[in-house]
Structure formats: C-alpha cells, structure tokens
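Notes for the one structure printed next.
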Amino acid sequence: MRGTVPCLTGLALLAAEPAVAQEFDPGSLDLPALIECRADVPAYNGFAFWLTGEAGAAEKLGWRKVDSNNPFLSQYELEKPVAVFDEQTKSIVFTSSGPMAVLDGVAAADVAKKLGIQPLISSPQKFLGEKVVSDKTESAEGVTFATRISLNVSTVETHPGKVLAGCSYKIEVQ
1376 MRGTVPCLTG
1386 LALLAAEPAV
1396 AQEFDPGSLD
1406 LPALIECRAD
1416 VPAYNGFAFW
1426 LTGEAGAAEK
1436 LGWRKVDSNN
1446 PFLSQYELEK
1456 PVAVFDEQTK
1466 SIVFTSSGPM
1476 AVLDGVAAAD
1486 VAKKLGIQPL
1496 ISSPQKFLGE
1506 KVVSDKTESA
1516 EGVTFATRIS
1526 LNVSTVETHP
1536 GKVLAGCSYK
1546 IEVQ
C-alpha cells in the first residue's frame, strides 16, 4: 500500500479519525507558523481536519471563503491581516497539502531569494520554487511513513500579479 495522505483537500482520513476535528482548539491556531513551516504535520493535520470537518469553522476564525477560480485552491479572506515572510496579507489559500499566503506587490523571485528557495521554474509566465524543511521516514508495526515538509513559492494563472508562499505538509504511507 502506497499513497500520499492529503492534508486538506479530499480528506480521506477524516472518516477514519473523526476525533481529530473535535480535539483541535481554534484558539491555539498559529497561522503564521503553519504558513512559514514552523509547525509539524500533526499540528497542521489537526487544524486541517477541524477546518474541513467542523461546521462553520472558517466563520469561527473570522474568515470568509471566496472563489479562487482554481479548483485546486481553497481561498479565504481573513478578518485581520497576518504577517508572514515579512509581508502582510488578508488572503490565504490551501492547496492539497498546506496553507499559502497570497502576497501582493512582491516578485516571486524576490520572495524565494529571501527564503533561500531555488527556482525550479522561473519565467515571466510561471515561477515555482521549493525548499525541503524536513524529510524523514519512520516505521511502526510494519508500516512506513515518509514525512516531508517543504516551503514553496509560486505563481498561478488564476491569481495574476500575486505570489503564493507557504508550506506543504505531506505524509506518504509506504
């Protein structure tokens, strides 16, 4: 059995672990830590399960869901700006594996350079860069889990003039 455990979109584990959503305390949310890869996978997953499994979770945080025009991104406007990567934003998106700040008025290459991220793609049409923060493998009871946390900077066509910067939290069951 091999597969990636998604952390927000298509939460297959939600049915398997419904207690996780109930255990999360929204008062403990440190959104900048989640976006900047200063959290661990269990902290992110606890939040992600709560956000997708708790009725009205986004509203409890003062967030408003908005159309991202991108089927791979869930976008929210925040009640108050959040400071991440020395920038301010009131808009965040969630990919299938983590949260990203939507930054305006900055260049993707500049953000990536500040964060020590080398671009995989860097053109006027597209920027994509990644830096692995943590990559480890653990085995328990005959099952191996590969955990990978990476810091990402990118641009997407659906958000012209914006830079997405944030963290990816992935667990692969091998």
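Numbering (our numbering), first residue to last: 1376 to 1549. Using N, Cα and C, we set each Cβ at its ideal position, and we do this for glycine too.
Can you name the residues that DSSP bridges to PRO1494? Here residue 1494 corresponds to residue number 119 of the sequence shown, with the count starting at 1. PRO1494 is bridged to GLY1504.
Along the chain, where does the beta strand (DSSP E) containing ASN1420 start, and where does it finish? Numbered from 1 along the sequence shown, position 45 holds the residue referred to as residue 1420. Segment 1416-1428 is the alpha helix (DSSP H) holding ASN1420; no beta strand (DSSP E) there.
So does the segment 1469-1487 actually touch the segment 1530-1538, counting three or more Cβ pairs closer than 8 Å? yes
Using 8 Å for Cβ pairs, my map puts PHE1399 next to PHE1424. What's the rounded Cβ distance? Your numbering for residue 1399 matches position 24 in the sequence shown. Your numbering for residue 1424 matches position 49 in the sequence shown. Correct: roughly 7 Å between the Cβ atoms.
Use the C-beta contact count for SER1543: other C-beta atoms within 10 angstroms, 16 or more gives buried, fewer gives exposed. If you number the sequence shown from 1, residue 1543 lands on position 168. By the 10 Å Cβ count, SER1543 comes out buried.
By Cβ distance, which residues of its chain are closer than 8 Å to THR1533, with the 5 residues on each side in sequence left out? As a working mapping, residue 1533 is identified with position 158 in the sequence shown. The answer, listed in chain order, is SER1443, ASN1444, ASN1445, LEU1448.
Does the separation of the CB atoms of ASP1405 and ILE1524 fall below 9 Å? Looking up residue 1405 in the sequence shown gives position 30. Looking up residue 1524 in the sequence shown gives position 149. No, these two residues do not count as a Cβ contact at 9 Å.
Give the range of the alpha helix (DSSP H) segment to which GLU1434 is assigned. For this step, residue 1434 is matched to residue 59 along the sequence shown. Start and end: 1432-1435.
Where does GLY1480 fall in DSSP's three states? Looking up residue 1480 in the sequence shown gives position 105. Three-state DSSP puts GLY1480 in coil, outside helix and strand.
Can the beta-carbon of ILE1410 be found less than 9 Å from the beta-carbon of ALA1476? The residue labelled residue 1410 in the question sits at position 35 within the sequence shown. The residue labelled residue 1476 in the question sits at position 101 within the sequence shown. The answer is yes: Cβ separation under 9 Å.
In the DSSP assignment, the alpha helix (DSSP H) including PRO1407 goes from what residue to what residue? Counted from its first residue, the sequence shown places residue 1407 at position 32. Element bounds for PRO1407: 1406-1410.
Rounded to the nearest angstrom, what separates GLU1547 and ASN1527 at their Cα positions? Residue mapping note: residue 1547 aligns to position 172 of the sequence shown, counting from 1. Residue mapping note: residue 1527 aligns to position 152 of the sequence shown, counting from 1. Looking at the two C-alpha atoms, the distance is approximately 18 Å.
When you compare each of THR1470, SER1471, SER1466, LYS1489 to LEU1478 by their alpha carbons, which one comes out closest? Taking the first residue of the sequence shown as 1, we reach residue 1478 at position 103. Ranking THR1470, SER1471, SER1466, LYS1489 by Cα distance to LEU1478 puts SER1466 first.
Can you check which of these residues, THR1464, ARG1413, ALA1432, is closest to LEU1453 by C-alpha distance? Looking up residue 1453 in the sequence shown gives position 78. The candidate whose alpha carbon is nearest that of LEU1453 is THR1464.
Spatial neighbours of GLY1491 in its chain, beta-carbon cut-off 7 Å, leaving aside the 5 residues before and after: The residue you call residue 1491 lines up with position 116 of the sequence shown. Contacts found: LYS1506.
Mapping DSSP to helix, strand and coil, what is GLU1398? Here residue 1398 corresponds to residue number 23 of the sequence shown, with the count starting at 1. Correct three-state label for GLU1398: helix.
Using 10 angstroms around the beta-carbon of THR1530, count the other beta-carbons present and answer buried if the total reaches 16, otherwise exposed. As a position in the sequence shown, residue 1530 is number 155, starting the count at 1. Classification of THR1530: buried, given that the 10 Å Cβ count is 16 or more.
Does the Cβ of LEU1495 lie closer than 8 Å to at least one heavy atom of the ligand NAP? The ligand NAP is absent from the structure shown, which contains no ligands of any kind.
Could you name the residues of the same chain whose beta carbon sits closer than 6 Å to that of ARG1439, not counting the 5 residues immediately before and after it, in chain order? Counting from one through the sequence shown, the residue named residue 1439 turns up at place 64. For ARG1439, where only same-chain residues beyond five positions count, the Cβ hits under 6 Å are GLU1452.
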